[in-house]
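Below is one structure, written out as C-alpha cells, with a few remarks after it.
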Ligand code: NDP
Ligand code: MG
C-alpha cells in the first residue's frame with residue numbers, strides 16, 4: 225500500500241536524498257507535504273516532480289514575497305503555508321511517515337507537532353533528542369508514535385540491536401570519520417578556514433553538520449542522541465575514529481563479540497531503511513566491494529584535536545537544559561566561524577565560555593528548553609561581540 229510522506233527540510237542534503245529514495249521506489253510513497261526555509265527554486269522543482277498537496281516555507285520575509293506569489297500561481301492545486309507556524313501546521317497533518325530533516329534547533333518544534341499525527345517519525349534532526357530527549361521519548365510513548373532513526377550511526381545500531389537481548393549488550397560504539405581536519409597538524413588548527421573545514425572527506429552534507437564533523441561536536445551530539453534513542457547509559461557508549469566511513473557503527477555483546485554494520489556512505493541507505501522498516505529492501509544505491517576496500521582503519525579520538533567531544537558528552541550527562549543550551553551556543557559559534565569572524569579553534573572555546581554562564585534547570589518542561597536555547601544564543605553572541 226502506498227505510504228504518505230511529509231518531508232521537513234526537503235531542500236537540504238537529507239531532504240534531497242529522501243526524494244531520491246522516493247523516486248527509486250515508484251508507487252510506494254506519495255509525497256504529501258514538503259517544507260523548507262527559503263530555497264524556492266529547488267522547492268519549485270520538487271513540487272513539479274513529486275506533486276505534494278501542501279508545502280510550507282518558513283521564511284516569510286518581504287524580499288521573497290514576489291517569488292513566493294509566482295510559485296503559488298504556478299502551482300494552483302498546492303496549499304501554501306508560511307512561517308514557523310506554517311511548518312508546524314504541515315507537520316501536524318496525518319501521515320504514514322514524517323521525515324524530520326530540518327537542520328538545527330529549528331527542527332524541534334515541528335517534530336513535536338508531528339507527535340500523534342505521524343504514524344512514524346523518521347528522525348534525522350538529532351537536535352530533537354539532544355535538546356529534549358527525555359521529554360520527547362516520553363511523549364512518543366504517550367502518543368503512540370513510532371520513531372526510526374535516520375542518522376547513519378543510529379540506523380546501524382537500530383538494525384544491529386534488532387533481535388538481540390538488551391541484557392546481552394555490553395556497549396555500543398559509534399564510528400566517526402574524524403572530519404575534514406583529522407590529518408591537520410594540531411598547531412595549524414587555528415588557521416583552518418571555512419572552505420577547508422567544509423571539505424568533508426567521505427560524506428556530502430549540509431554546512432552546519434560538516435563543521436560539527438570537523439570539530440567532532442557532531443559525534444558528541446550523536447552520543448546524546450544514542451543515549452535517549454536506545455536508553456543506554458553514557459558510560460556504555462564508545463566513540464572510535466574510522467576514517468573509511470564503511471562501518472557505520474557497532475554493538476559489543478557481553479561475550480566480547482563486536483557486530484559491525486557496513487554499507488556504502490550514502491544517506492539514501494539509512495533513509496530507505498527508516499522508510500521501509502521492518503522490511504529490508506533491495507538497495508539501488510550501491511554496494512560495498514570488500515576486495516577493493518582492502519582494509520579498514522580504527523583509531524582513538526585525540527582530545528587535543530577534538531575537545532568538543534568531551535564537552536558535549538559532559539553536557540549530555542549534566543542533562544536538564546544543559547544540552548539544549550550547548551547545542552544553541554554551538555550553532556551560534558559555527559555560524560560565526562562560517563562568516564570568518566572567529567577561528568576554527570574558537571568554536572569550542574566560545575561554547576565552553578557560554579556554558580559557564582548557564583544556570584541550568586535540572587527538570588525542565590519544553591518551554592524551559594526553548595528558553596535555554598534563546599538564552600544561549602544571546603549570551604554566546606555577547607561573548608563573541610565583546611570578548612573574541
Ligand atoms: P541542510 O543544511 O542540507 O538542509 C537543511 C534543510 O532544513 C533545508 O531544507 C532548509 O531549507 C531547511 N531549514 C533550515 N532551517 C529551517 C527552518 N527554520 N524552518 C524550516 N526549514 C528549515 O542540512 P542536512 O540535510 O545536512 O541536515 C538536516 C538534519 O539532518 C540535521 O539535523 C543534521 O544533523 C541531520 N543529519 C544530516 C546528515 C547528512 O548527511 N546531511 C546525516 C545525519 C543527520 P532551505 O534549503 O530553504 O534553507
Ligand atoms: Mg551521523
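Residue numbers (this note's numbering): 225 to 612. In this text, a Cβ means the ideal position worked out from N, Cα and C, and glycines have one as well.
**Q.** Where residue 296 falls, given that 16 or more other Cβ within 10 Å makes a residue buried
**A.** Position 72 of the chain shown, counting from 1, holds the residue named residue 296. Label assigned to residue 296: exposed.
**Q.** Element boundaries [beta strand (DSSP E), containing residue 589]
**A.** As a first step, residue 589 must be located in the chain shown, where it is residue number 365. Per DSSP, residue 589 belongs to no beta strand (DSSP E) and is neither H nor E.
Q. What is the rounded straight-line gap between the Cα of residue 485 and the Cα of residue 238?
A. Walking along the chain shown from the start, residue 485 turns up at place 261. Walking along the chain shown from the start, residue 238 turns up at place 14. Roughly 20 Å separates the two Cα atoms.
Q: Compute the Euclidean distance between the alpha carbons of residue 612 and residue 448, then round it to the nearest angstrom.
A: For this step, residue 612 is matched to residue 388 along the chain shown. For this step, residue 448 is matched to residue 224 along the chain shown. Those two C-alpha atoms are separated by around 29 Å.
**Q.** Between the CA atoms of residue 258 and residue 314 - distance to the nearest angstrom
**A.** For the purposes of this step, residue 314 is taken as residue 90 along the chain shown, with counting starting at 1. For the purposes of this step, residue 258 is taken as residue 34 along the chain shown, with counting starting at 1. Residue 314 and residue 258: Cα-Cα distance of roughly 8 Å.
Q | Burial state of residue 407, where buried means 16 or more other Cβ atoms lie within 10 Å | A | What you label residue 407 is simply residue 183 of the chain shown in a count that begins at 1. Residue 407 comes out exposed.
(Q) Just checking residue 496 against the ligand NDP - is the residue's beta carbon closer than 7 Å to any of the ligand's heavy atoms? (A) As a first step, residue 496 must be located in the chain shown, where it is residue number 272. Flag unset: Cβ of residue 496 not near the ligand NDP.
(Q) Can you tell me whether residue 342 is helix, strand or coil according to DSSP? (A) For the purposes of this step, residue 342 is taken as residue 118 along the chain shown, with counting starting at 1. Three-state result, residue 342: strand.
Q. Is the beta carbon of residue 325 sitting closer than 8 Å to the one on residue 348?
A. Numbered from 1 along the chain shown, position 101 holds the residue referred to as residue 325. Numbered from 1 along the chain shown, position 124 holds the residue referred to as residue 348. Their beta carbons are under 8 Å apart, which means residue 325 touches residue 348 by this criterion.
Q: Alpha carbon to alpha carbon, how far is residue 243 from residue 256? Give it in angstroms, no decimals.
A: Reading the chain shown from its first residue, position 32 is the one you call residue 256. Reading the chain shown from its first residue, position 19 is the one you call residue 243. Looking at the two C-alpha atoms, the distance is approximately 12 Å.
Q) Got a sec: does the ligand MG put a non-hydrogen atom nearer than 7 Å to the Cβ of residue 252? A) Within the chain shown, the letter at position 28 stands for residue 252. Residue 252 Cβ: outside cutoff for every heavy atom of the ligand MG.
Q) Just the Cα atoms here: how many angstroms apart are residue 332 and residue 369? A) The residue you call residue 332 lines up with position 108 of the chain shown. The residue you call residue 369 lines up with position 145 of the chain shown. Near 16 Å, if we compare the C-alpha coordinates of residue 369 and residue 332.
Q) Within 10 angstroms of its Cβ, does residue 353 collect 16 or more other Cβ (buried), or is it exposed? A) Within the chain shown, the letter at position 129 stands for residue 353. Result: buried.
Q) What are the partner residues of residue 229, as DSSP defines its beta bridges? A) As a first step, residue 229 is located in the chain shown; it is residue number 5 there, counting from the start. Answer by DSSP bridge pairing, in chain order: 255, 321.
Q.
With three or more C-beta pairs closer than 8 Å as the rule, is the region 384 to 402 touching the region 451 to 461?
A. yes
Q. Looking only at its own chain, which residues have a Cβ that is under 6 Å from the Cβ of residue 523, when we skip the five neighbours before and after it?
A. Within the chain shown, residue 523 is the residue found at index 299, counting from 1. The answer, listed in chain order, is 465.
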